[in-house]
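Q: Residue numbers (full-length UniProt numbering): 1 to 818. In this text, a Cβ means the ideal position worked out from N, Cα and C, and glycines have one as well. The structure follows.
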């Protein structure tokens, strides 16, 4: 059966519907291909102008169409009876274009099913391909309505190109023309890519800014046994002054550590110990409190109420670091009082979790010592440090911490004072009390460690002052004579006092050189060595001895104490006076370092200073050696009572107390025994307490404080024999008379020509050269005053010739031997 091919008019006005059988034959497929070829040739005919879009056909109209098996073409002609059908608009087109209406004949001709086989009509802007709807075998064709099934949208159909790729190409072309895009970059080579990756590689993490670590650790604070195992710790106990009422935390003083340590050390609030690791914190606190009570300032602690257990009656509060030592927004680290229980030992504090609070690096380790911080009052309990009642003279102004720390750590003055006190360098100190009964308890000297060797006194002291610091400052003094060197030494001491660090003065690397300029203008060495050092120190100290009445107050045993200029108006003491007394204290300590006695200062007074002004350290045995007459007088007074005859004591009270014994007639037993301590104090130290600003100025220089915490007063516990061994060594090396020198004289025989000449001269007088020299050393005064005046300018300033005319003057009085 042949079928006429479609014409151009057919394609314009009719929609042809075909149906393939379920199993199409080869002939059916060939007929379909022939029809498709004819339709392709007829596609070039332009379609008619589109008509207005009509309404969709009613379903009853479509139902009149029927299938014409097996392959039916049902053309319909145009007539007035035809009904317009809205054409299908494909969603694949770039825009909706109007298409000619599809007319359906009203006759008996029927459209073949399915009704959803209408193909999309081409757009005016797209290439038009006449396509034929084909029923897909095996599919649910009844679900398709005027288009492709929803589950399948083919891009090509029976050899015809679909519109999807064309729409995509148009969209991409438009986007590339009108939309912004990245610029075209040159192609990087492999080497450039590697360089870029290398430069973009993330570097090492950089820690946030922080203070430099001191580098000290807990292992530096251990004392080890012979097998290297830790057995004890070197401890530094710091007691903080009371806080004011506006703050509750204590500052760690990371920025002014040395200044703060020097301050509390001057107040008797810094103590160094060595304790086993098993020592409890309670024992350490009680030891510190005991040393404060028995120290020069006689601190007294308040007591808790009776319902508080004895083991909880702690005199101090233990401070722990807050926030593991991390600073707050103001860059400060704080302490806070922590509870203390029986199981807290040194080993407990330095291990595990407690170490984050009590063993924080950079705060709790300094100069190879484990720092324990204590509070002088507990902020939660009723515990306070009570000062002794003020004396009749004005209470001293607090220099406090206003120059070295926050206001929260300042010690407020007890009484209002005038602004003129700012001129002074006074410290707020409690007035010490003398014991009610002298020598009621035996004196127990501190345990010595033997760190300082008396055989090499200055060498071991210099090593202790600088420790293992290989970068210790070097002290170099150079001048034409010893007098020039002594002046330079005083200037260095003044600088050390200003910085509160004598590390340079006590440096192991020192040079004292006497030089001269030769004829060529070159500097030449004339003398150097230990002897020059000794002469320099002695001459610097001797400048004060030449003005003895200005600086020294005569006391018992032909010795002296420190002269005080302002007994009551202490706020008006000139700064120059205090500075000079500090230099004197430094030179007195240096005299002892070099094995020389700082005459005329009393050895008992020096002993009192070395023991941090502890009055109990002046024990009967010390007086028996240096002041036996005073010791005998005091023993008679102590053994008596209020009925004791006062006539033998008239000279003592007139000389040192400036009173008559008649004033003491109405004393009782208690006042009688209390006077014994006062008698000792005024005969050795003087009428003023050690808290006087001039005494404190002297003591500041005498301590020779170094940056690593060393002070000269530590010699009491770091030298075998303590301070008494040092006193014996210094004063026994002093030559006061010919009897001190005679056992050490050695005479070498002169050469024969000289011996013959001396014999010829001396034989008429019945003397030998040895007898002549002995007589000269034993004699006094100037043998030939006329010749002496001409030769006086050639004597070294080391020898004090101002008292040469006095009967007790000795040529060898100012010489020392080792």
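Within its chain, find whatever has a CB closer than 7 Å to the CB of residue 678; leave out the 5 residues flanking it on each side and keep chain order.
A: Counting from 1 along the chain shown, the entry for residue 678 is found at position 678. Only 434 meet the Cβ criterion.
Q: Let me know if residue 692 comes out buried or exposed under the rule of 16 or more other beta-carbons within 10 Å of its beta-carbon.
A: Your numbering for residue 692 matches position 692 in the chain shown. By the neighbour-count rule (16 or more Cβ atoms within 10 Å), residue 692 is buried.
Q: With a 10 Å radius around its C-beta and 16 neighbouring C-beta atoms as the bar for buried, classify residue 792 as buried or exposed.
A: Stepping through the chain shown from its first residue, residue 792 is reached at position 792. Flag for residue 792 reads exposed.
Q: Report the three-state DSSP secondary structure of residue 338 (helix, strand or coil).
A: By 1-based counting over the chain shown, the position of residue 338 is 338. Strand, per DSSP.
Q: From 559, 649, 670, pick the residue whose C-alpha is nearest to that of residue 662; which is it?
A: Mapped onto the chain shown, residue 662 falls at position 662. With distances taken between Cα atoms, residue 662 lies closest to 649.
Q: Decide if residue 221 is buried, meaning its Cβ has at least 16 other Cβ atoms within 10 Å, or exposed.
A: Position 221 of the chain shown, counting from 1, holds the residue named residue 221. Buried, since its Cβ has 16 or more Cβ neighbours within 10 Å.
Q: Exposed or buried, which one is residue 610 when buried takes at least 16 other CB atoms within 10 Å?
A: Position 610 of the chain shown holds residue 610. Counting Cβ neighbours within 10 Å, residue 610 comes out buried, since at least 16 surround it.
Q: What whole-angstrom Cβ distance do residue 690 and residue 583 have, given they're in contact under 8 Å?
A: The count along the chain shown starts at 1 and reaches residue 690 at position 690. The count along the chain shown starts at 1 and reaches residue 583 at position 583. The Cβ separation is near 19 Å, so there is no contact.
Q: With distance defined between alpha-carbon atoms, name the residue in 250, 264, 773, 315 nearest to residue 287.
A: Stepping through the chain shown from its first residue, residue 287 is reached at position 287. Cα-wise, what sits closest to residue 287 is 315.
Q: So what does DSSP say about residue 515, is it helix, strand or coil?
A: Translated into positions along the chain shown, residue 515 becomes position 515. Strand, per DSSP.
Q: Who are the near neighbours of residue 512 in its chain, counting only those whose CB is closer than 7 Å to its CB and skipping five residues on each side?
A: Residue numbering aside, residue 512 sits at position 512 when the chain shown is read from its first letter. 477, 485, 528, 532, 533, 536.
Q: With 16 other CB atoms within 10 Å as the buried threshold, where does residue 351 fall?
A: By one-based count along the chain shown, residue 351 stands at place 351. The residue in question, residue 351, is exposed, as its Cβ has fewer than 16 Cβ neighbours within 10 Å.
Q: From which residue to which residue does the beta strand (DSSP E) around residue 522 run?
A: Numbered from its first residue, the chain shown carries residue 522 at position 522. Premise fails: residue 522 is in no beta strand (DSSP E) and is neither H nor E.
Q: So, using beta-carbon positions, are residue 242 and residue 329 closer together than 8 Å?
A: Position 242 of the chain shown, counted from the start, is the residue given in the question as residue 242. Position 329 of the chain shown, counted from the start, is the residue given in the question as residue 329. Contact: no.
Q: Starting from the Cα of residue 233, find the closest Cα among 208, 272, 788 and give me that residue.
A: Walking along the chain shown from the start, residue 233 turns up at place 233. That would be 272, whose Cα lies nearest to the Cα of residue 233.
Q: Can you tell me the Cα-Cα spacing of residue 712 and residue 453, whole angstroms?
A: In the chain shown, counting from the first residue as 1, residue 712 sits at position 712. In the chain shown, counting from the first residue as 1, residue 453 sits at position 453. Taking the straight line joining both Cα atoms gives about 14 Å.
Q: Any idea what DSSP makes of residue 649, helix, strand or coil?
A: Working through the chain shown from its first residue, we reach residue 649 at position 649. If DSSP states are grouped into helix, strand and coil, residue 649 belongs with the helices.
Q: Expressed to the nearest angstrom, what Euclidean distance is found between the alpha-carbon atoms of residue 724 and residue 607?
A: What you label residue 724 is simply residue 724 of the chain shown in a count that begins at 1. What you label residue 607 is simply residue 607 of the chain shown in a count that begins at 1. Their Cα atoms are separated by approximately 7 Å.
Q: Would you tell me roughly how many angstroms separate the C-alpha atoms of residue 364 and residue 251, rounded to the nearest one?
A: If you number the chain shown from 1, residue 364 lands on position 364. If you number the chain shown from 1, residue 251 lands on position 251. C-alpha separation (whole angstroms): 13 Å.
Q: For the alpha helix (DSSP H) that residue 373 lies in, which residues bound it at each end?
A: Along the chain shown, one-based indexing puts residue 373 at 373. Where residue 373 is concerned, there is no enclosing alpha helix (DSSP H), although the beta strand (DSSP E) it sits in stretches over 369-375.
Q: With a threshold of 7 Å on Cβ separation, who are the neighbours of residue 589 within its own chain once the five nearest residues in sequence on each side are excluded?
A: Residue numbering aside, residue 589 sits at position 589 when the chain shown is read from its first letter. Correct list, in chain order: 702, 704, 712.
Q: With a cut-off of 8 Å on the beta carbons, I'd call residue 509 and residue 545 a contact; round off their distance for me.
A: By one-based count along the chain shown, residue 509 stands at place 509. By one-based count along the chain shown, residue 545 stands at place 545. Actually they are not in contact, since the Cβ atoms of residue 509 and residue 545 sit about 30 Å apart, beyond 8 Å.
Q: Candidates 279, 299, 169: which alpha carbon is nearest residue 614's?
A: Residue 614 sits at position 614 when you count from the first residue of the chain shown. Measuring from the Cα of residue 614, the nearest candidate turns out to be 299.
Q: Cα-Cα, which of 240, 698, 748 is closest to residue 292?
A: The residue given as residue 292 occupies position 292 in the chain shown. Looking at the Cα atoms, 240 is the closest of the given residues.
Q: Measure the Cβ-Cβ separation of residue 277 and residue 230 and say whether it is below 8 Å.
A: Translated into the one-based positions of the chain shown, residue 277 becomes position 277. Translated into the one-based positions of the chain shown, residue 230 becomes position 230. Yes, they are a contact pair.
Q: Can you confirm whether the stretch 568-584 touches the stretch 640-649 when touching is taken to mean that 3 or more C-beta pairs between the two stretches lie within less than 8 Å?
A: The stretch 640-649 is not in contact with the stretch 568-584.
Q: Measuring CA to CA, which of 768, 444, 163, 755 is closest to residue 619?
A: In the chain shown, counting from the first residue as 1, residue 619 sits at position 619. With distances taken between Cα atoms, residue 619 lies closest to 444.
Q: Quick one: any contact between the stretch 763-774 and the stretch 629-642, if contact means 3 or more CB pairs under 8 Å?
A: The stretch 763-774 is not in contact with the stretch 629-642.
Q: Nearest to residue 789 by alpha carbon, out of 340, 804, 317?
A: Numbered from 1 along the chain shown, position 789 holds the residue referred to as residue 789. It is 804 whose Cα lies nearest to the Cα of residue 789.
Q: Thinking C-beta only, is residue 540 closer than 8 Å to residue 489?
A: The residue labelled residue 489 in the question sits at position 489 within the chain shown. The residue labelled residue 540 in the question sits at position 540 within the chain shown. Yes, they are a contact pair.
Q: Would you report the Cα separation of residue 342 and residue 710, rounded to the nearest angstrom?
A: Against the chain shown, residue 342 aligns to sequence position 342. Against the chain shown, residue 710 aligns to sequence position 710. Their Cα atoms are separated by approximately 32 Å.
Q: In whole angstroms, what is the alpha-carbon distance linking residue 668 and residue 616?
A: As a first step, residue 668 must be located in the chain shown, where it is residue number 668. As a first step, residue 616 must be located in the chain shown, where it is residue number 616. For residue 668 and residue 616, the distance between alpha carbons rounds to 24 Å.
Q: The beta strand (DSSP E) that contains residue 232, what's its start and end?
A: Locating residue 232 in the chain shown gives position 232, counting from the first residue. Residue 232 -> beta strand (DSSP E) spans 230-240.
Q: Looking only at DSSP bridge pairs, what is residue 222 linked to?
A: As a first step, residue 222 must be located in the chain shown, where it is residue number 222. Residue 222 is bridged to 233.
Q: Can you check whether the CB of residue 228 is closer than 8 Å to the CB of residue 612?
A: Taking the chain shown and counting its residues from 1, one reaches residue 612 at position 612. Taking the chain shown and counting its residues from 1, one reaches residue 228 at position 228. Not in contact: residue 612 and residue 228 (Cβ atoms no closer than 8 Å).
Q: Ignoring anything shorter than 4 residues, give me the alpha helix (DSSP H) runs that lie fully in the stretch 598-632, in order along the chain.
A: Correct list: 603-610, 620-626.
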